[in-house]
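To start, the structure under review is shown below, and the notes come after it.
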Amino acid sequence: MTAVPRLRQVPPGRAGTLWLRHRLAVARRGCGVLRRKLTMLTEERERLRRRYETTAAEWARADRVACGWLRRAAVLDGADVVGPAGAGGPMTVVPRWTALMGVRYAAPPGIEPPHPPAGWHAPGGSATSQAALTYRAAAEAAARHAASSSALSTVDEEVSAVRQRVRMLEQHWIPRLEDALVVARQQMDEQEAADGARRRARDGRQA
């Protein structure tokens, strides 16, 4: 939990009033900035949540299709053919990033398909080839979902942190400054009244 800052020794008199007014203005401006940040990040979190749900469904669907083609290929072309069909090279996932209000998080990744060696041909028939293609699609869907999950987690954590800072300012720091400013003004008024009374008494003695 974010600690509430403590007021240091407030300067006496008018200087203390000006000191508190300045810090109160800074705190209110900062709270306004954080509120705008919170609004934008909350909206982005909802967008990322929808994308997370979409990529999860796409991954699940692609995985079901790939599993179906794998079973079909095993029946039609033989299980001993299915394994070597995936030896055409690795798929490359290139992380990408974006940022909003100073928060950096994962964007949809770049995906480079496998580059089989020259002269390489996938074994098996059309079912095995289709199984390889659908598993590649499932792997791409998994990579997109992983990026969506990471982005949602990052932004969700930042929303919680910003909300906590706003709460700290609104419920603790700003009220503390406001109360201190009221006290400082009262003390200044009392001091000015006392000074005025002393001047009047001195003037009365001199008359």
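Under the working numbering, the residue at position 101 of the sequence shown is numbered 218, and the numbers go up by one with no gaps.
Built from N, CA and C at the ideal position, the CB exists for glycine as well.
Only a predicted model underlies this, so the values are computations on that prediction, with no experimental measurement involved.
Where the alpha helix (DSSP H) containing residue i begins and where it ends
i: residue 186; result: 130 to 194
i: residue 257; result: 243 to 285
Exposure of residue i, with buried meaning 16 or more beta-carbon neighbours within 10 Å
i: residue 279; result: buried
i: residue 133; result: buried
i: residue 150; result: exposed
i: residue 135; result: exposed
i: residue 194; result: buried
i: residue 214; result: exposed
i: residue 272; result: buried
i: residue 299; result: exposed
i: residue 192; result: exposed
i: residue 142; result: exposed
i: residue 170; result: exposed
i: residue 209; result: exposed
i: residue 160; result: exposed
Reference residue i, options the options, closest by Cα
i: residue 287; options: 152, 260, 130 and 128; result: 152
i: residue 166; options: 274, 265 and 294; result: 265
i: residue 277; options: 147, 162 and 143; result: 162
i: residue 188; options: 292, 245 and 254; result: 245
i: residue 232; options: 185, 207, 319 and 254; result: 207
i: residue 228; options: 254, 168, 221 and 148; result: 254
i: residue 275; options: 164, 220, 168 and 308; result: 220
i: residue 185; options: 249, 148, 303 and 172; result: 249
Proximity below 9 Å, CB of residue i to CB of residue j
i: residue 158; j: residue 217; result: yes
i: residue 137; j: residue 283; result: no
i: residue 211; j: residue 230; result: no
i: residue 127; j: residue 263; result: no
i: residue 281; j: residue 190; result: no
i: residue 285; j: residue 130; result: no
i: residue 183; j: residue 252; result: yes
i: residue 223; j: residue 267; result: yes
i: residue 290; j: residue 144; result: yes
i: residue 146; j: residue 294; result: no
N- and C-terminal bounds of the beta strand (DSSP E) containing residue i
i: residue 227; result: 220 to 229
i: residue 211; result: 209 to 217
Residue i at chain C interface by Cβ criterion, 9 Å
i: residue 265; result: Looking at the structure shown, chain C is missing, and only one protein chain is on hand.
Near the ligand MN: residue i beta-carbon under 8 Å from a heavy atom
i: residue 193; result: The ligand MN is not among the ligands present in this structure, which contains no ligands whatsoever.
*Touching or not, the stretch 251 to 262 and the stretch 166 to 185, by the rule of three or more beta carbon pairs under 8 Å?*
yes
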